[in-house]
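Some notes on the structure that comes next.
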Amino acid sequence: MKKEMLSLNGWIAEAEEWQQSLADFLIEYNMRELECSAEDLLAKMQEMLDVMEKSVEHGLSGVKSHSGLTGGDAKRLAEAEADERFISLLGEKATDAVIYATAVGECNAAMGRIVAAPTAGASGVLPGVFFSLKKHYQLSDETMQRGMVVAGSIGMVIAERASLAGATGGCQAECGSAAAMAAGAAVSMLGGTPKQVGTAVAIAFKNVLGLVCDPVAGLVEVPCIKRNGACALQALLAAELALAGITSFINADEAIDAMKSVGDALPCALKETAGGGMAVTPSAIEWAKKYFARNDQ
């Protein structure tokens, strides 16, 4: 008998049937699956949040990658934001999300410690969204922990129904999945309904569908790090639309399944092979030749 795949739609329906928040439902679900207490589960979430926070701090110190290709942009943007002459087009919440997401991406590129949420290449999106919301809405540790359970559970559904790997599904499966996880968690942490969580997930995927994985020289730096910042913004956008009561014609499970079908259709050149997209621009090819020549010496 074929095992039924995990379903975010199913979880949402059950949570609504039992008149629970999605976070409460998923905490109970994970307690059963992992055979642990709520305290132990939330403590594990806090451990990951602590690592994420340190990753942000490390990235904001201005670290550079071993390749020299990236580094210092998070610090640069944070300094610009602090300057009263800076013209902010996005507003503090969004800019902070980009700063924190970029910081974690730069921490990763500099071989710092990160939480792969859901992957190393997409590790900045969740902390970008979470710590911006914490700063601007004074979210408690418990609220953040519960949000992490929601984000992780959404990731489990994506992993089973589609993929979290750029080599399988392109960057829509990495940064796109991170955006969906962050969007759903943001809605949950800000008091949205289970159905609104699903809406945010669906909108996030619709907005990144087809996003390719094209790292210059095969390194998780360009365009990956800035893409983390962009997908943090996509997460905030999806969450805001859902919280405003806007719905998605395509539901969460169908959006995830569509992402898989698009990933399956993408050519190998656009799935982490550095064989297409930004990776084969003249600037990228010229830099890669110099980089590999340097490392061959």
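Residue numbers (the working numbering): -12 to 284. Glycine included, C-beta positions come from ideal geometry on N, C-alpha and C.
What does residue i pair with, by DSSP beta-bridge criteria?
i	result
Cys200	Lys258
Gly58	Lys51
On the CB-based measure, 16 or more other CB atoms within 10 Å of its CB, does residue i come out buried or exposed?
i	result
Gln183	buried
Glu259	buried
Tyr124	exposed
Gln93	Looking at the sequence shown, residue 93 is not Gln but Glu. Counting Cβ neighbours within 10 Å, Glu93 comes out buried, since at least 16 surround it.
Cys211	buried
Arg133	buried
Asn185	Per the sequence shown, the amino acid found at residue 185 is Gly instead of Asn. The residue in question, Gly185, is buried, as its Cβ has 16 or more Cβ neighbours within 10 Å.
Arg214	buried
Output the distance between the C-alpha atoms of residue i and residue j, rounded to the nearest integer angstrom.
i	j	result
Asp60	Gly46	9 Å
Glu227	Glu1	24 Å
Leu120	Ala90	16 Å
Gly216	Val209	12 Å
Ser193	Ala242	It should be pointed out that residue 193 corresponds to Lys in this sequence rather than to Ser. C-alpha separation (whole angstroms): 7 Å.
Glu285	Leu151	Outside the shown range of the chain (-12 to 284) lies residue 285, about which nothing can therefore be said.
Glu66	Lys31	33 Å
Ala97	Val116	21 Å
Ala109	Ala167	12 Å
Ser54	Tyr278	7 Å
Gln33	Glu79	25 Å
Gly142	Ala165	8 Å
Arg19	Leu29	14 Å
Do residue j and residue i have their beta-carbon atoms positioned less than 9 Å apart in this structure?
i	j	result
Ala138	Ala169	yes
Ile145	Pro105	yes
Ser8	Pro181	yes
Leu36	Met131	yes
Val174	Leu253	no
Gly250	Gln159	yes
Ordered list of alpha helix (DSSP H) runs contained in the segment 123 to 159, each at least 4 residues: Entirely contained in the segment 123 to 159, the alpha helix (DSSP H) runs reaching 4 residues are, in chain order, 128 to 148, 153 to 156.
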